[in-house]
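For the sequence shown, numbering that gives the first Met the number 0 gives the first residue as 0, with consecutive numbering after it.
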Amino acid sequence: MPDMEAIRKIADARGIPVLEDAAEAIGSEYHGRKAGSLGRTGVFSFHGSKTLTTGEGGMLVTDDQELFNRVCFLRDHGRNQGDIMFLNAEVGFKYKMSSMQAALGLAQLERIDELVAMKRANFAKYRERLSDIPELTMNSEAAGVKNTYWMISAIFPREDRYRKETLVRRLAEGGIDSRPFFSPLSTLPAYREHPQAREAAARNKVSYSLSPYGINLPSGLNLTDAMIDQVCSTIKSILRNA
Ligand SMILES: Cc1ncc(COP(=O)(O)O)c(C=O)c1O
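Laid out in structure tokens, this is it:
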């Protein structure tokens, strides 16, 4: 969860509405309030990797009736509510979830507390097994925040031998699938020649310093203790034999 109080202060002072990207955060809490309920609207992703998944798709939540009506209108080809003659009033979108996907999602929503508890339990197991490696930085949980650990992450010491490309390859050699931290947008081939990208490293020091040395560890809900043991011992051997 971000520091919502700080975001709110800036947004309120400038009259900017807060749209909360809670894509990965279902079940997370900020001082007792659920992720997705902190802005004018919140959005969740139900992509295949997420804690609650419908394969692809997502959900927008809001308690702003006017905005809700507008979203319903736009996502249904720009048709007015109750229109059964298919007389599109504006050019809109087709962002409707199928009933089968919705059923899949609803079944998981009924057990979301259990799914979140499993994520938190998996994180605790990793943290406990890796607690004797102080040079590894894992996910944090600020005071007043409940983190649901969608992905369990590890940042290695900032040395060339621990670059994420090497770590992903070394884990794969041990039969372990992992994912690299995303790269700053301004470093991607699609953007890096853009004039703004040239000063990006100086402006975005944190992402530039974390991204090269961060990976996401296996975080699926079907992880067994033996799998977590295997990942942790492989990480330890990488650090020992680097
Ligand atoms: C923070 C964040 N925002 C947006 C998205 C995109 O979600 P979707 O793939 O459902 O469009 C993701 C997906 O992982 C995400 O992590």
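Backbone N, C-alpha and C fix where the C-beta goes; we use that ideal spot for every residue, glycine too.
Check whether the Cβ atoms of residue i and residue j lie closer than 8 Å to each other.
i: S210; j: P183; result: yes
i: A24; j: V17; result: no
i: V60; j: G35; result: yes
i: L166; j: Q107; result: no
i: M137; j: R119; result: no
i: G213; j: F180; result: yes
i: G57; j: S44; result: yes
i: S208; j: R128; result: no
i: I132; j: L66; result: no
i: V42; j: A12; result: no
Bridge partners for residue i per DSSP, in chain order?
i: L86; result: In the DSSP output, where bridge partners are listed per residue, L86 has none listed.
i: S97; result: BP columns for S97 are empty, so no partner.
i: I151; result: L216
i: V144; result: Y29
i: L59; result: V42
i: E19; result: G41
i: M54; result: Sequence check: residue 54 is Gly here, not Met. H46, per the DSSP bridge assignment.
i: M117; result: M117 is not bridged to any residue.
i: T233; result: Partner(s): none; T233 has no beta bridge.
i: R178; result: N215
i: M137; result: A153
i: D112; result: Bridge partners of D112: none, in fact.
i: D75; result: K93
Using only CA atoms, which one of the options lies nearest to residue i?
i: M96; options: R197, H46 and D11; result: H46
i: K93; options: R74, G173, D62 and R110; result: R74
i: M226; options: R110, L86, K124 and R162; result: K124
i: I151; options: L238, K204, D176 and R160; result: D176
i: I15; options: S27, G26 and T40; result: T40
i: R202; options: H193, S185 and N221; result: S185
i: G173; options: R191, Q229 and E140; result: Q229
i: D112; options: D62, S236, K33 and L135; result: K33
i: L135; options: A141, I83, M117 and Y161; result: Y161
i: V90; options: H76, I83, P217 and F155; result: H76
i: A171; options: I83, R110, D2 and P217; result: P217
i: M0; options: G143, G81 and R197; result: G143
Applying the 10 Å Cβ sphere with the 16-neighbour rule, what's the burial state of residue i?
i: F122; result: buried
i: E19; result: buried
i: Y148; result: buried
i: A153; result: buried
i: I234; result: buried
i: T223; result: exposed
i: F85; result: exposed
i: L37; result: buried
i: G104; result: buried
i: K163; result: buried
i: M99; result: exposed
i: C71; result: exposed
i: R169; result: buried
i: E190; result: According to the sequence displayed, residue 190 carries Tyr and not Glu. With fewer than 16 Cβ atoms within 10 Å of its Cβ, Y190 is classed as exposed.
i: P243; result: Because residue 243 is not part of the residues shown, which for the chain are 0 to 241, the question remains open.
With residue i and residue j assumed to form a contact (beta carbons below 8 Å), what rounded beta-carbon distance in angstroms separates them?
i: R78; j: N87; result: 6 Å
i: R178; j: N215; result: 4 Å
i: V115; j: G54; result: Not quite, the Cβ-Cβ distance comes to about 20 Å (not below 8 Å), so this is no contact.
i: E4; j: K145; result: At roughly 16 Å, the Cβ-Cβ gap does not stay under 8 Å, so E4 and K145 are not in contact.
Below 7 Å, is the gap between the Cβ of residue i and the nearest heavy atom of ligand 2?
i: A34; result: Absent from the structure shown: ligand 2. Ligands present: ligand 1.
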